[in-house]
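Number of protein chains: 2
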Amino acid sequence: LGYIMAAEIICVGTELLLGDILNSNLQYLGQGLAALGIPHFYQTVVGDNIDRIHQVLEVATKRSNILIFTGGLGPTADDLTTEAIASYFDTPLKRDEAVVADIEQKFASRDREMAPSNLKQALRPVGADILPNPKGTAPGMIWQPTEHLTILTFPGVPRELYAMWEETAIPFFKDQGWGQDLIHSEMLRFRGVTESGLAEQVAHLLSLANPTVAPYASQGEIRLRVSAKAPSVEAAMALIEPVATEIRSIAGNDYFGSDGDTLTKVVGNLLKLKSQTLSVAESCTGGGLGSMITEVSGSSSYFLGGVQSYGNGVKIKVLGVPSELIETKGAVSAEVAKAMAIGVQELMGSDWALSITGIAGPGGGTVEKPVGLVYIGIAHPNGTVEALEYKMGTTRDRDLIRHLSSCTALDQLRRRLLVNQEISG
Amino acid sequence: LGYIMAAEIICVGTELLLGDILNSNLQYLGQGLAALGIPHFYQTVVGDNIDRIHQVLEVATKRSNILIFTGGLGPTADDLTTEAIASYFDTPLKRDEAVVADIEQKFASRDREMAPSNLKQALRPVGADILPNPKGTAPGMIWQPTEHLTILTFPGVPRELYAMWEETAIPFFKDQGWGQDLIHSEMLRFRGVTESGLAEQVAHLLSLANPTVAPYASQGEIRLRVSAKAPSVEAAMALIEPVATEIRSIAGNDYFGSDGDTLTKVVGNLLKLKSQTLSVAESCTGGGLGSMITEVSGSSSYFLGGVQSYGNGVKIKVLGVPSELIETKGAVSAEVAKAMAIGVQELMGSDWALSITGIAGPGGGTVEKPVGLVYIGIAHPNGTVEALEYKMGTTRDRDLIRHLSSCTALDQLRRRLLVNQEISG
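So the protein lines, in turn, are chains L and F. Numbered per the working numbering, the first sequence finishes at 431, counting up by one with no gaps. Numbered per the working numbering, the second sequence finishes at 431, counting up by one with no gaps.
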């Protein structure tokens with residue numbers, strides 16, 4: 007494949023193949039390489055086996071010229087990374103006496119004696135440099151076994167890897183000229199639109215090279231990540247800004263915020279801006295909406311409280327929903343959603359009130375009122391009340407239907423606060 | 007390399023290389039293959055790029071004969087997995103009309119129209135079978151493009167992958183003769199004990215070979231996984247049972263259930279058994295406790311509802327907490343916790359009532375009442391009321407303090423229901 011300037015991450019450890027531990031090092035190193043602007047096209051995980059590590063080296067050395075190994079640097083017999091790399095390049099191992107002294111000193115500082123097996127951790131291929139480990143006994147190495155190929159090894163223990171990456175690897179790569187250009191991103195967040203729908207609206211932007219635009223979707227929220235590569239954060243933001251502005255203008259009110267702006271924070275900020283208060287009446291969500299609103303520290307300045315009217319008795323007695331309404335329309339109906347919203351607005355004396363009543367499943371659905379049918383009531387400060395009907399789908403599970411119900415209620419309130427905003431402002 | 011019977015996991019997604027998301031699918035699939043006894047020597051991650059997916063196929067088809075792909079099945083232009091696999095094997099793509107109908111139906115059940123781009127998700131190489139997706143729009147495939155090579159594709163979204171793995175892939179592999187010696191586990195669950203404390207109590211069991219006993223800890227819950235390898239579930243259970251019984255006897259009431267017995271389900275079952283009802287009054291949790299209780303479908307038979315008394319005005323007006331009490335003792339106090347519990351018990355007419363008031367942080371802490379100080383009130387059916395004080399620690403974050411508060415309230419109710427149980431039974 008010839009000479010390509012790219013890194014490859016190679017994690018060594020049978021415990022990773024067995025799924026005994028979650029491989030978070032891939033994410034850490036992926037972010038680390040991205041921050042330095044080092045291209046990185048492949049990640050490989052292999053067990054504690056010399057032949058297979060050789061096979062991975064055979065493949066990786068043909069397609070990548072910076073190999074970043076993690077794991078297999080410990081003192082036990084199945085820690086094979088250093089040995090496997092040295093033998094692949096037919097290079098003898100040599101014990102580094104400075105490393106032996108360092109390991110002995112680390113054991114002494116913990117009032118322990120070094121076991122003979124730890125001597126293995128002082129071996130490195132002739133010609134390799136030590137990559138010091140400030141947090142553990144096993145050092146890594148930096149080695150250039152052939153022209154245009156650099157190998158770095160790190161332990162698998164995350165906190166040791168992090169310290170070594172930050173203290174030694176990043177300065178090493180910067181010395182080599184990497185990391186002069188950084189990658190900066192803005193994550194734009196949307197509700198009320200599908201991933202495919204939004205992707206079609208911004209299709210002409212998805213093929214841009216710098217900044218790039220990439221869509222993500224999770225639990226009813228759609229995201230577009232706009233990433234730019236530039237010598238400084240300011241320069242990257244200057245590349246991002248016109249594209250982000252165009253996307254915001256296309257998406258209109260479906261865009262609710264960027265990066266750390268959660269729906270809950272955005273709604274809270276709008277309420278604070280207008281000095282208005284909110285209360286909630288929750289049936290199928292059982293408290294999930296209030297819990298979401300109070301995730302924000304300081305939410306007490308606009309959130310008064312609510313009623314978890316799970317049983318019909320509570321809807322009638324505490325919220326004043328007429329029992330005839332429940333009998334004739336059903337607890338899951340637009341009429342009951344409205345009565346719940348008005349009831350909690352009066353009880354709490356809030357400006358706005360949201361209510362949710364629905365069939366979260368898996369039981370309780372009928373042909374007329376299937377699982378996923380949810381009504382959201384919104385009582386406005388001017389005394390009007392409305393109810394919105396949603397079909398969240400019969401295949402989604404209870405947790406997701408409840409989560410989407412709370413998010414949708416907040417999102418609808420957000421849209422109404424924005425409209426009020428435009429009128430009053 | 008010849009013909010080796012082994013699986014390889016191949017994850018497709020540039021967002022994985024950039025470290026935008028943590029790749030938990032590798033662990034899930036690693037565990038899944040291990041449980042079936044399928045050897046698995048390599049895992050590969052590659053970006054959304056056809057040439058590089060071809061390069062990965064070139065390597066993987068030489069060393070593995072079951073390829074498990076995740077990711078790249080979405081509707082957008084950078085979702086390339088199906089296309090890349092088909093073109094590698096020079097096989098044309100064909101649209102599956104049954105899949106089109108299924109996707110259209112899923113959109114309709116959510117009251118949405120299918121975007122044209124979703125049609126792409128109905129394409130598969132000629133000769134491939136569909137691997138149905140009960141949780142999302144994109145199905146996967148099972149395909150044998152050549153003798154001795156089987157390819158399975160899954161979406162990258164974990165909950166969709168899990169459902170497809172369990173419902174289709176496991177039965178498929180069992181049909182092929184895998185997973186005859188199976189691994190069966192019981193996960194024992196505990197509250198009110200530390201991981202190291204429990205590990206010391208059961209230290210003599212941690213070195214067993216079959217079954218094995220392994221401790222886990224997460225968000226205040228401690229778990230011991232007892233795993234046995236045997237030809238049948240019954241044989242495995244026979245190995246597990248004596249060890250699990252010994253652990254339960256050591257742990258006493260700190261053990262609350264096994265496997266899918268969540269704290270919420272266990273408390274619900276105890277309430278159902280006694281035909282008693284529950285209501286809640288929540289301050290700092292804002293609805294989280296009620297939301298947790300109503301995670302259980304059918305919880306309406308014992309959970310009446312609650313009041314999210316976030317503001318002090320709601321505590322006074324709706325729950326009848328005397329305002330002098332709030333002024334003299336503070337909203338976060340044993341006295342107010344008791345008054346909240348009694349107040350909601352009377353309002354809802356429930357047998358039991360739980361209340362929570364605390365300082366979830368990060369703001370609002372003082373020397374006398376630091377962040378993490380939480381009072382839990384418990385109103386009993388016989389009219390007595392008690393308050394318990396907890397210091398959840400000043401370094402934990404808001405989310406965790408709120409979560410632990412709800413769990414602790416449920417756990418304390420569980421212990422009281424068990425005591426009542428023993429007396430009445």
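Each residue gets a CB set at the ideal place from its N, CA and C atoms; glycine is no exception. Being a predicted model, the structure only gives us computed values, none of them experimental.
Linking L:GLY370 to F:ALA393 through their CA atoms gives a straight-line distance of about 37 Å. Look at L:PRO368: its C-beta is under 7 Å from a C-beta on chain F. Three or more Cβ pairs drawn from the region 55-73 of chain L and the region 143-157 of chain L lie within less than 8 Å of each other, which places the two stretches in contact.
Excluding five sequence positions before and after F:ASP357, the CB atoms of its chain that fall closer than 6 Å to its own CB belong to GLN282, THR283, PRO387, given in chain order. For F:ALA92, same chain residues with a beta-carbon under 6 Å away, outside a window of 5 residues either side, are LEU99, PRO131 in chain order.
Bridge pairing for F:LYS100: F:ARG130 [DSSP]. Between the region 396-407 of chain L and the region 302-316 of chain L there are fewer than three inter-stretch CB-CB distances shorter than 8 Å, so the stretches are not counted as touching.
Contact of F:PRO140 with chain L by beta-carbon distance below 7 Å involves THR401. DSSP places L:MET398 outside any alpha helix (DSSP H), giving it a letter other than H or E. Unbroken beta strand (DSSP E) runs of no fewer than 3 residues, entirely contained in the region 9-87 of chain F, are found at 13-18, 46-52, 72-76, following chain order. Contact between the region 162-172 of chain L and the region 76-86 of chain L is established, with three or more Cβ pairs separated by less than 8 Å.
Under the Cβ distance rule, F:PRO81 counts among the residues neighbouring chain L, one pair being separated by less than 7 Å. Closest in C-alpha terms to F:ALA242, from the list F:VAL105, F:PHE95, F:LEU188, comes F:LEU188. Within the same chain, Cβ atoms closer than 6 Å to the Cβ of F:SER361 are found at ALA287, ALA343, MET346, ALA347, GLY383, the five residues on either side in sequence being excluded. Flagged as an interface residue toward chain L: F:ALA121, by a C-beta distance shorter than 7 Å.
About 46 Å separates the beta carbon of L:ILE109 from that of L:GLU192, a gap too long to meet the 8 Å contact definition.
Per DSSP, F:VAL273 is not a residue of any beta strand (DSSP E); the alpha helix (DSSP H) it occupies stretches across 269-279.
Less than 7 Å divides the Cβ of L:ASP54 from the Cβ of L:ASP84. F:ALA234: member of the beta strand (DSSP E) spanning 227-236, first to last residue. Cβ-Cβ distances below 6 Å link L:VAL106 to ALA128 in the same chain, with the five nearest sequence neighbours on each side left out; the list follows chain order. With a 10 Å radius around the Cβ and a threshold of 16 neighbouring Cβ atoms, F:PRO161 comes out buried. Contacts with chain L (Cβ-Cβ distance below 8 Å) from the region 213-227 of chain F involve no residue at all. For F:LEU194 against F:ALA236, the beta-carbon gap comes to about 19 Å, at or over 8 Å, which does not count as contact. Residue range 329-335 is occupied by the alpha helix (DSSP H) that includes L:GLU333, with no beta strand (DSSP E) assigned at that position.
The continuous stretches of alpha helix (DSSP H) do not include F:ILE362, which lies in the beta strand (DSSP E) extending over residues 358-364. DSSP places F:ALA209 within a helical segment (H, G or I) once states are collapsed to three. Of all residues in the region 265-284 of chain L, the ones placed with a Cβ closer than 9 Å to any Cβ belonging to chain F are THR283, in chain order. Here the alpha carbon of F:GLU89 sits roughly 17 Å from the alpha carbon of F:THR152. Counting along the chain, L:LEU194 sits inside the beta strand (DSSP E) bounded by residues 188-196. With a beta-carbon spacing of about 10 Å, F:LEU35 and F:ASN29 fall beyond the 8 Å limit used to define contacts. The Cβ-Cβ distance between F:ALA121 and L:GLY198 does not fall below 7 Å. Counting the other CB atoms within 10 Å of its CB gives F:MET11 a total below 16, which places it among the exposed residues. In the three-state DSSP reduction, F:PHE178 falls in the helix class (H, G or I).
The straight-line gap separating the alpha-carbon atoms of L:THR174 and F:VAL232 is approximately 42 Å.
Under the three-state reduction of DSSP output, L:GLN111 falls in the helix class. In its chain, beyond the 5 residues on either side, GLU14, ILE16, TYR48, THR50, LEU73 have a beta carbon closer than 8 Å to the beta carbon of F:ALA66.
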